[in-house]
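Visitor:
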Amino acid sequence: MSHLDRRTVLVRGLQAGGLALAGPLLAACGDDEPSKGGSGHGTAGIRLAWIKNVEFAGEYLADANGYYKAEGFSKVDLITGGPNATPAETDVVTGKAFVGLSSPDRVGAAIAQGAPLKIIATQYQKNPFAITSMAKNPIRTPQDLIGKKIGVQATNEAVWTAFLKAAKIDPKQVTKVPVQFDPLPLTTGTVDGWMSYVTNEPNVLKLKGFKTEVMMFADHAYPLVGESYIATTEAIKKERAKLKALLRAEIKGWKDSLKDPAAGAKLAVETYGKGLGLEVKEQTLESTTQNGLILTDETKKNGIFTMSPQLVAANIATLKFAGVDITADKLFDLSIIQEIYKEDPSLV
Amino acid sequence: MSAAARRLGTTLLSLVLSLGLVAAGWTLFLKILNVNPLVAKSPADVWTYLAAGSEAGAHRSTVWSGLWVTLRDAGAGLVAGLVAAAAVAVAFVLWRTAERSFMPIAMVVRSVPLVAMTPVITLIFGRDLLATTVISGIVVFFPALVNVVFGLRSASAQAADLVRAYGGSSWTTMRKVLVPSALPAFFASARISVPGSLIGALLAEWLATGKGLGYAMLTAGSSFRYDELWASVVAVTLASLAAYGLVGVAEAAVLARYAPRDR
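Order-wise, the sequence lines are chains A and B.
The first sequence begins at 3 in my numbering and counts up by one.
The second sequence begins at 637 in my numbering and counts up by one.
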C-alpha cells in the first residue's frame, strides 16, 4: 500500500466509478485472444496487486534488465492495481491479464464463487498485513484490539474479517472505521490502529518521525502467504511453457532486487511509478522490509516463490478457520515452480 | 372506484412491461458483448441468488439489511435537503439580499465534487447518520432550491396584488399565493431528488460510515461476490423506482387539494 495523498485516491475513486460503469465493456475487451505476434511467447499481462510502487521491484528489474525479452516475450504489460481497482482475480479470469498477484484469502474466496484459478507460486512467505498503532497507544496483540477504533480500507475488509476470525476476536468488540490509504487519521488519533502493509505505512510514518508499534498478522494466527501468482486452470494446463518462462524472468528480476533493494526503489520512483509521488528513501526502506518477507530459510534452500508442504498445510488450515473451506489441490498448483527449479537448479 | 382500480392496473402493467424490457435488454447486452459470466451476472442469476437458489433466504437478508440502512440514510437526506431547500427558497423570495449573499455559497458547495468534500464533512459531522444526511442532503438541496425559487416567482402577480390590496403582509402573500403555486415545482424536485438522495447515501456509506449497501457493494466487488453486487444494484434500482412512485402518489394527493388548476 502506498503513500498516496488523499486527492490522488479520490481522483482514482472517481475514475473507478467511471470504470464500474464501463465494466462490462472493458471485460468484453479482455476476451480477445492473446496475441500471437512476435517470437516465442508474444505478450503477457501481469496484474499487479497495488499501484506501481516498489512492491513490484522484481517486475521492474525483470523488465528493465531484459529478462522478459530473454525468455521470449515481446512485451510484458505491468497492469496497475490500486485502492479502487477491480480484484486481480477478475482481471485474470476475464483474460485481461495472464497472471495476477493476490493473496490466498482473496483467491480462495474467488474460487469458492466459481473462478477457475489457482496459485502457482508465491513471493511473500509471510503475510504482509499488520496493524500499525502509535507507540504511545500500542496494539501489540489481537487482544489489544478490543475496544479500539481500527481504520480498515474497503479492499482489505475481507482480510480483516478473516484475521479477526482466525485470532478469535469478536468483530463487535472492535470498532471498524472505513478509511482510505493515507494514514493521517492514525497520527491525529481519529483511529487507534491502522490496517497496513508492513512494508508500507510503518516505513512512511517512520520517515515522518512518528514512533509506531506494528503487530503483524503473520505473528498472530495468520500464517497466510502474500503476493501470490495466480493463473487460470486453463493456462496451467495448456500454457505451461509460457507460465514457466514468465516465472523464470520473475525469479531473475526478484533475485536482483534481493541483492540490491535500492535498485527496484529507484526504478519505481523514476520510471514505473513516476507521478505517484514516491520517494527513493522510503521506497528503499520498503524494499528492504519486503525482502525479509521473501527470503526465509526455506526459500534460500528451495528457491524463491516456492512453498513447503508445511506452509501449504498451514495456509489451508488458517483459511478454513477464517471461513474459506478449500482443499490444497483446489487452491495451489505448485508443480510449475517446482519443475522450474528441477530443470534449472542454478536459479535457486 | 372502478376507474381508480383500472388506473392502478394499467400502471402496474406498464411497470411490469418496462421491467421485463429492462431485463431482456440487460440479458441481450451481456450476450452480445460476450462478457464473462463469472463477473457479469444476468437477471436470471440475480433471480437465482435472491429468490430461487438454495441459500436465497440468507442472500435476501444480506441485501435487505443493507438496503434498509441505505433507505434510511437516503430518506433522511431527502427530507432534510427538501426542507432546507424550501426554507431557503422562501427566504430568497422574501429578502432579495439573502439570495444575493447566499446563492454564491450554495453554488460553491454544489461545484466542489462531493467525493472530495466528504472527508471534510466526516471531520465536521462524524461518521453516523448526521454525516450521511448532510451528504445526501447536499445532492438534493441545490436542484430543489432552484426549482422552488422558480416556482415561487412564477406565482400569479394579480393574485399577489389582490392580497396586498386587501392589506395582506408579504408573509400572507407568501402563504396564500406563492407557496401554493410553487407546490408543483416542489414535488417535481422531490421526485427527481429521489435517485439523487440514494446516490448521496451510497457515496456517504462508501466513504464515511462503512454501513449499508454503499459499502456492501464495494466489498462485494472487491472480494469477487459479483452475485451480491448485481443483486444489490437491482435492489437499489427497484427501491428508487418505488420511492419515486410513492412521491408521485403524495404529489397527486396534495396537488388535488392545493393546485387543482394544474390537474
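Heads up, the beta-carbon is just placed ideally off N, CA and C, and yes, glycines get one too.
Keep in mind it's a predicted model, so treat the numbers as computed, not measured.
Excluding five sequence neighbours on each side, which residues of the same chain lie with their C-beta closer than 6 Å to the C-beta of A117 (chain A)?
Guide: Within the first sequence, the letter at position 115 stands for residue 117 (chain A). Here the set comprises E91 and V95.
Visitor: Could you tell me the boundaries of the beta strand (DSSP E) in which Y231 (chain A) lies?
Guide: Taking the first sequence and counting its residues from 1, one reaches residue 231 (chain A) at position 229. Run containing Y231 (chain A): G228 to T234, per the beta strand (DSSP E) assignment.
Visitor: For T134 (chain A), report the span of its beta strand (DSSP E) as first-last.
Guide: In the first sequence, the residue the question calls residue 134 (chain A) occupies position 132. First-last of the beta strand (DSSP E) with T134 (chain A): F131 to M136.
Visitor: Could you check if G228 (chain A) is buried or exposed, using at least 16 other CB atoms within 10 Å of its CB as the buried criterion?
Guide: Within the first sequence, residue 228 (chain A) is the residue found at index 226, counting from 1. Flag for G228 (chain A) reads buried.
Visitor: Can you pull out the residues from the region 668-691 of chain B whose beta carbon lies closer than 7 Å to at least one beta carbon of chain A?
Guide: Here the close residues are L669, N670, V671, N672, L674, V675 and A676.
Visitor: CB-CB under 8 Å to G803 (chain B), same chain, minus the five flanking residues each way: which ones, in chain order?
Guide: Translated into the one-based positions of the second sequence, residue 803 (chain B) becomes position 167. Taken in chain order, the list of residues that qualify is empty.
Visitor: For P73 (chain A) and chain B, any beta-carbon pair shorter than 9 Å?
Guide: One-based indexing of the first sequence puts residue 73 (chain A) at position 71. The amino acid at residue 73 (chain A) is misidentified as Pro; the sequence shows Glu. So, not an interface residue.
Visitor: With a cut-off of 8 Å on the beta carbons, I'd call T754 (chain B) and G713 (chain B) a contact; round off their distance for me.
Guide: Position 118 of the second sequence, counted from the first residue, corresponds to residue 754 (chain B). Position 77 of the second sequence, counted from the first residue, corresponds to residue 713 (chain B). Wrong, their Cβ atoms sit about 13 Å apart, outside the cutoff.
Visitor: Short of 6 Å in beta carbon distance, which residues of its chain neighbour L901 (chain B), apart from the five on each side in sequence? Order them along the chain.
Guide: The question about residue 901 (chain B) has no answer here: the residues shown for chain B are numbered 637 through 899.
Visitor: May I ask you to list the residues that DSSP assigns as paired with G102 (chain A)?
Guide: Taking the first residue of the first sequence as position 1, residue 102 (chain A) is located at position 100. Per DSSP, A:R49 and A:I232.
Visitor: DSSP three-state label for Y224 (chain A), please.
Guide: Position 222 of the first sequence, counted from the start, is the residue given in the question as residue 224 (chain A). Y224 (chain A) falls in the coil class under three-state DSSP.
Visitor: Near I339 (chain A), what residues of its chain come up, given a Cβ to Cβ distance below 7 Å and the 5 sequence neighbours on each side ignored?
Guide: Position 337 of the first sequence, counted from the start, is the residue given in the question as residue 339 (chain A). Once the five neighbours on either side are set aside, the close Cβ partners of I339 (chain A) are I122, A123, L249, F307 and T308.
Visitor: Give the interface partners of A844 (chain B) over in chain A, defined as CB-CB distance under 8 Å, in chain order.
Guide: On the second sequence, residue 844 (chain B) is found 208 positions in, with the first residue counted as 1. P180, listed in chain order.
Visitor: Between G84 (chain A) and the ligand NAD, is there a pair consisting of the residue's CB and a ligand heavy atom that are separated by less than 8 Å?
Guide: With respect to the ligand NAD, the structure offers nothing, as it holds no ligand at all.
Visitor: Which one of A:Q115, A:A59, A:A251 and A:T298 has the shortest CA to CA distance from Q72 (chain A)?
Guide: Counting from 1 along the first sequence, the entry for residue 72 (chain A) is found at position 70. According to the sequence shown, residue 72 (chain A) is Ala rather than Gln. Here the closest residue by C-alpha is A:A251.
Visitor: Taking the alpha helix (DSSP H) that M739 (chain B) falls in, what are its first and last residues?
Guide: Taking the second sequence and counting its residues from 1, the one referred to as residue 739 (chain B) is at position 103. R732 to S747 is the extent of the alpha helix (DSSP H) around M739 (chain B).
Visitor: Taking 9 Å as the threshold (C-beta atoms), are V350 (chain A) and K303 (chain A) in contact?
Guide: Residue numbering aside, residue 303 (chain A) sits at position 301 when the first sequence is read from its first letter. Residue numbering aside, residue 350 (chain A) sits at position 348 when the first sequence is read from its first letter. In this structure, V350 (chain A) lies closer than 9 Å to K303 (chain A) by Cβ.
Visitor: Taking R708 (chain B) as the query, report the chain A residues whose CB atoms sit under 7 Å from its CB, ordered along the chain.
Guide: In the second sequence, the residue the question calls residue 708 (chain B) occupies position 72. In chain order: nothing, as chain A lies at least about 18 Å away.
Visitor: Find out if the Cβ-Cβ distance for the pair L50 (chain A), G83 (chain A) is shorter than 9 Å.
Guide: To locate residue 50 (chain A), count along the first sequence from 1; it is residue 48. To locate residue 83 (chain A), count along the first sequence from 1; it is residue 81. Their beta carbons are under 9 Å apart, which means L50 (chain A) touches G83 (chain A) by this criterion.
Visitor: Identify the contact partners of P89 (chain A) in chain B, using a Cβ-Cβ distance below 9 Å as the criterion.
Guide: On the first sequence, residue 89 (chain A) is found 87 positions in, with the first residue counted as 1. Ordered by position in chain B, the residues that pass the 9 Å Cβ test against P89 (chain A) are G857, S858, S859 and F860.
Visitor: Within the same chain, show all residues whose beta-carbon is closer than 6 Å to that of F814 (chain B), passing over the 5 residues directly before and after it, in chain order.
Guide: Residue 814 (chain B) sits at position 178 when you count from the first residue of the second sequence. Before going on, a small fix: residue 814 (chain B) reads as Leu here, not Phe. Closer than 6 Å at the Cβ level, and outside the excluded window around L814 (chain B), lie L788 and A791.
Visitor: Please classify N139 (chain A) as buried or exposed, where buried requires at least 16 other C-beta atoms within 10 Å of its C-beta.
Guide: The residue you call residue 139 (chain A) lines up with position 137 of the first sequence. Answer is exposed; the Cβ neighbour count stays below 16.
Visitor: Give a yes or no on contact between the region 814-828 of chain B and the region 877-890 of chain B, applying the rule of three or more CB pairs nearer than 8 Å.
Guide: Enough Cβ pairs lie closer than 8 Å, so yes.
Visitor: Mind checking Q155 (chain A): buried by the 16 CB within 10 Å criterion, or exposed?
Guide: Taking the first residue of the first sequence as 1, we reach residue 155 (chain A) at position 153. Counting Cβ neighbours within 10 Å, Q155 (chain A) comes out buried, since at least 16 surround it.
Visitor: Would you say Q175 (chain A) lies against chain B (beta-carbon separation less than 9 Å)?
Guide: Along the first sequence, read from residue 1 onward, the residue named residue 175 (chain A) stands at position 173. Cβ-Cβ to chain B under 9 Å: no for Q175 (chain A).
Visitor: I need the DSSP call for S792 (chain B), collapsed to helix, strand or coil.
Guide: Within the second sequence, residue 792 (chain B) is the residue found at index 156, counting from 1. S792 (chain B): coil per DSSP, three-state reduction.
Visitor: Please confirm if L834 (chain B) has its CB atom under 9 Å from at least one CB of chain A.
Guide: By 1-based counting over the second sequence, the position of residue 834 (chain B) is 198. Chain A, which has no Cβ nearer than 9 Å to the Cβ of L834 (chain B), makes this no.
Visitor: Across the region 856-871 of chain B and the region 693-705 of chain B, are there enough close Cβ pairs to call them in contact, namely three or more that are closer than 8 Å?
Guide: Enough Cβ pairs lie closer than 8 Å, so yes.
Visitor: What does DSSP give as the partner residues of D79 (chain A) in its beta bridges?
Guide: As a first step, residue 79 (chain A) must be located in the first sequence, where it is residue number 77. Paired residues: A:G47.
Visitor: Could you tell me whether the Cβ of T92 (chain A) comes closer than 9 Å to any Cβ of chain B?
Guide: Sequence index remark: in the first sequence, residue 92 (chain A) carries index 90 (1-based). By this cut-off, T92 (chain A) is an interface position.
Visitor: I want to verify the contact list: residues of chain A whose CB lies under 7 Å from the CB of L854 (chain B), in sequence order.
Guide: Taking the second sequence and counting its residues from 1, the one referred to as residue 854 (chain B) is at position 218. Simply A156.
Visitor: If contacts are defined as beta-carbon pairs under 8 Å, then A59 (chain A) and S289 (chain A) qualify, I think. What distance do you get, rounded to the angstrom?
Guide: On the first sequence, position 57 is the one that residue 59 (chain A) refers to. On the first sequence, position 287 is the one that residue 289 (chain A) refers to. With 8 Å as the limit, A59 (chain A) and S289 (chain A) qualify as a contact, their Cβ atoms being about 5 Å apart.
Visitor: Verify whether the separation of the beta carbon atoms of L103 (chain A) and I253 (chain A) is less than 9 Å.
Guide: Taking the first residue of the first sequence as position 1, residue 103 (chain A) is located at position 101. Taking the first residue of the first sequence as position 1, residue 253 (chain A) is located at position 251. It is not a contact, given that the beta carbons lie outside the stated cut-off.
Visitor: On the premise that A169 (chain A) lies in contact with P144 (chain A), defined as a C-beta separation below 8 Å, what is that separation, rounded to the nearest angstrom?
Guide: One-based indexing of the first sequence puts residue 144 (chain A) at position 142. One-based indexing of the first sequence puts residue 169 (chain A) at position 167. So it is a contact: roughly 4 Å between Cβ atoms.
Visitor: Which runs of the beta strand (DSSP E), 3 residues or longer, sit entirely within the region 127-210 of chain A?
Guide: Qualifying beta strand (DSSP E) stretches, in chain order: 131-136, 151-155, 177-181 and 195-199.
Visitor: DSSP three-state call for I328 (chain A): helix, strand or coil?
Guide: For the purposes of this step, residue 328 (chain A) is identified with residue 326 of the first sequence, where counting begins at 1. I328 (chain A) falls in the coil class under three-state DSSP.
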